[in-house]
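Number of protein chains: 2
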Amino acid sequence: VVYRNAWMTVREDEVIRADGSTGIYGVVNKPDFALVLPLDRGGYHLVEQYRYPVRGRFWEFPQGSWASADAGGPLPPGDAAELARRELREETGLHAEHLRHLGRIPVAYGYSSQGCEIFVATGLTQGPPDREPSEADMRSRWVGADELDNLVRTGRLCDAVSLAALTLWERLARRG
Amino acid sequence: VVYRNAWMTVREDEVIRADGSTGIYGVVNKPDFALVLPLDRGGYHLVEQYRYPVRGRFWEFPQGSWASADAGGPLPPGDAAELARRELREETGLHAEHLRHLGRIPVAYGYSSQGCEIFVATGLTQGPPDREPSEADMRSRWVGADELDNLVRTGRLCDAVSLAALTLWERLARRG
Chain A
1 VVYRNAWMTV REDEVIRADG STGIYGVVNK PDFALVLPLD RGGYHLVEQY RYPVRGRFWE
61 FPQGSWASAD AGGPLPPGDA AELARRELRE ETGLHAEHLR HLGRIPVAYG YSSQGCEIFV
121 ATGLTQGPPD REPSEADMRS RWVGADELDN LVRTGRLCDA VSLAALTLWE RLARRG
Chain B
177 VVYRNAWMTV REDEVIRADG STGIYGVVNK PDFALVLPLD RGGYHLVEQY RYPVRGRFWE
237 FPQGSWASAD AGGPLPPGDA AELARRELRE ETGLHAEHLR HLGRIPVAYG YSSQGCEIFV
297 ATGLTQGPPD REPSEADMRS RWVGADELDN LVRTGRLCDA VSLAALTLWE RLARRG
């Protein structure tokens, strides 16, 4: 481990490649997180917040992780669903009656082992949000399908994992 | 800068949050990369390789960066297109007559400033691949739309940026 903070560790491994040559491989370890597509009236609930590394505010699907950088690897199934429900409730105030698991995708597997568990939430009931201090600037709102397309087209919803989650969901919806 | 190797730097910033509290923010800097959707006969050309951080082989769209971790921030437009052509040619042997830019998306903006420039390539001509030593295990092949859906559904194409690129392309194709 060559670097560690409360949210990530960076590890440097010595590796032997398929051709027998050796080298180093830097791997960023962060705990898995959950992302929720909250489906409602033919549209989606989104959140918007400031993302420091890219210096801007963007729309995305509710998402988050348990607060521990040491917990690497896949989350236990029940744990991932509980995390999804918690992030949805904290960030939007929505309670989901039904949660459906769409899959786990690696976020940046060229240099990280982190994965994201993707869920679709339906049967939504509105309550008050309960955001963490670091999410004080967050807002949430419902958008219809056309407005979602517009946010994607104009780059205001550009988060790779949110866009990837749409691909998974739209393929599943097409299959019925 | 708290860590550096040939492909990434990790920076630790002191930040002041919207509520006035202070803290640290770890940011992974890697150079932008380019990803290409090579469209052909109603399907796509894909590559498959071993991804060390997740210990497995997966299908994805051809992608890569110039070899320099110091070059952060967006690539100049012509540079991004040249990189896309090079990665496509090296990884698949395909030469693209036409290249269309779909957008730049942040890969993991919760902790990284890295972006990916996404292109669609058409008018393809097959030549020999010219892979880097670290890509010696790579293979490429054409898949039809149904087989692509099957690779996505079964998790054998799960790269977040490849899935995100599909969302951008399918929305554009729908608009015509």
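Same order as they appear, the protein sequences are chains A and B.
Numbering (my numbering) for the first sequence: 1 to 176.
Numbering (my numbering) for the second sequence: 177 to 352.
Backbone N, C-alpha and C define an ideal beta-carbon position, used for all residues, glycine too.
Neighbourhood of residue i by C-beta, 6 angstroms cutoff - its chain only, sequence neighbours within 5 removed
| i | result |
| --- | --- |
| residue 98 of chain A | 122, 123 |
| residue 157 of chain A | 59, 151 |
Contact with chain A by residue i, beta-carbon distance below 8 angstroms
| i | result |
| --- | --- |
| residue 220 of chain B | no |
| residue 316 of chain B | no |
| residue 349 of chain B | no |
| residue 251 of chain B | no |
| residue 203 of chain B | yes |
| residue 354 of chain B | Because chain B here runs from 177 to 352, residue 354 of chain B falls outside it and cannot be looked at. |
| residue 196 of chain B | no |
| residue 339 of chain B | yes |
| residue 215 of chain B | no |
| residue 268 of chain B | no |
| residue 276 of chain B | no |
| residue 301 of chain B | no |
| residue 192 of chain B | no |
Beta carbon of residue i nearer than 8 angstroms to that of residue j
| i | j | result |
| --- | --- | --- |
| residue 204 of chain B | residue 188 of chain B | no |
| residue 250 of chain B | residue 208 of chain B | yes |
| residue 230 of chain B | residue 129 of chain A | no |
| residue 264 of chain B | residue 345 of chain B | no |
| residue 120 of chain A | residue 92 of chain A | no |
| residue 240 of chain B | residue 271 of chain B | no |
| residue 6 of chain A | residue 339 of chain B | no |
| residue 142 of chain A | residue 79 of chain A | no |
| residue 125 of chain A | residue 343 of chain B | no |
| residue 262 of chain B | residue 149 of chain A | no |
Residue i versus residue j - alpha carbon distance
| i | j | result |
| --- | --- | --- |
| residue 66 of chain A | residue 35 of chain A | 12 angstroms |
| residue 52 of chain A | residue 284 of chain B | 11 angstroms |
| residue 153 of chain A | residue 220 of chain B | 22 angstroms |
| residue 50 of chain A | residue 19 of chain A | 44 angstroms |
| residue 309 of chain B | residue 21 of chain A | 9 angstroms |
| residue 307 of chain B | residue 17 of chain A | 14 angstroms |
| residue 14 of chain A | residue 24 of chain A | 5 angstroms |
| residue 84 of chain A | residue 176 of chain A | 23 angstroms |
| residue 337 of chain B | residue 160 of chain A | 6 angstroms |
| residue 290 of chain B | residue 206 of chain B | 6 angstroms |
| residue 81 of chain A | residue 118 of chain A | 9 angstroms |
| residue 174 of chain A | residue 155 of chain A | 25 angstroms |
Proximity test, Cβ basis, 8 angstroms: residue i and chain B
| i | result |
| --- | --- |
| residue 136 of chain A | yes |
| residue 59 of chain A | no |
| residue 66 of chain A | no |
| residue 103 of chain A | yes |
| residue 156 of chain A | no |
| residue 12 of chain A | yes |
| residue 118 of chain A | no |
| residue 78 of chain A | no |
Residues near residue i by beta carbon distance below 7 angstroms, same chain, minus five either side
| i | result |
| --- | --- |
| residue 287 of chain B | 202, 203, 204 |
| residue 57 of chain A | 48, 49, 50 |
Distance between beta carbons of residue j and residue i, contact taken as under 8 angstroms
| i | j | result |
| --- | --- | --- |
| residue 253 of chain B | residue 238 of chain B | Residue 253 of chain B to residue 238 of chain B, Cβ: 19 angstroms. No contact. |
| residue 116 of chain A | residue 100 of chain A | Their Cβ separation, rounded to whole angstroms, is 15 angstroms, which puts residue 116 of chain A and residue 100 of chain A out of contact at 8 angstroms. |
Proximal residues to residue i (C-beta, below 8 angstroms), its chain only, five neighbours per side dropped
| i | result |
| --- | --- |
| residue 316 of chain B | 221, 222, 223, 224, 238, 267, 268, 269, 305 |
| residue 147 of chain A | 43 |
| residue 311 of chain B | 225, 266, 267 |
| residue 184 of chain B | 204, 205, 206, 245 |
Cβ of residue i within 8 angstroms of any chain D Cβ
| i | result |
| --- | --- |
| residue 229 of chain B | Absent from the structure is chain D; the protein chains it does hold are A and B. |
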